[in-house]
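**Student:** In this note's numbering, the protein residues as written are 2 to 88.
Beta carbons are placed, not taken as given, at the ideal position from N, Cα and C, and that holds for glycine.
This one's a predicted model, so the numbers in the text were calculated from it and none came from an experiment.
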Amino acid sequence: MTRPTIEPLAEGRWLFRRLYAFAVSAGLWVLLMRTVGRMPPEMLPRMTDGLMGLLALILVLYLVAPTAQQLVALLANARLKMMGGRP
């Protein structure tokens, strides 16, 4: 009997993660530049804070995604060992 292999998720792969993060970051920067040019001055602080918050979220997801995936795999492996199964 062969063991099923678990392939890593696309989010943890190097190329996919970086392309997604760079594309979204570039899009948010373009949106930020257009927003600064079109918004009335009194609305700029709220709008730019929101867009910069989105950039911060993308950065956090970019850095945390592989770590979270590895933690889930570690917990699944530990659960199998505790139940007496083979990893």
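Assuming residue 29 and residue 52 make a contact with CB atoms under 8 Å, what is their CB distance in whole Å?
**Tutor:** Rounded, the Cβ-Cβ distance is 6 Å, consistent with contact.
**Student:** Quick check: the Cα distance between residue 68 and residue 55, rounded to an integer number of angstroms?
**Tutor:** Cα to Cα, the separation comes out at about 20 Å.
**Student:** In this structure, how does DSSP classify residue 42 when only helix, strand and coil are distinguished?
**Tutor:** Helix.
**Student:** Could you pull out every residue in the same chain whose Cβ sits closer than 7 Å to the Cβ of residue 33, ignoring the five residues on either side in sequence?
**Tutor:** These residues qualify, in order along the chain: 49, 52.
**Student:** Taking the alpha carbon of residue 19 as the reference point, which residue from 64, 83, 78, 44 has its own alpha carbon closest?
**Tutor:** The shortest Cα separation from residue 19 among 64, 83, 78, 44 belongs to 64.
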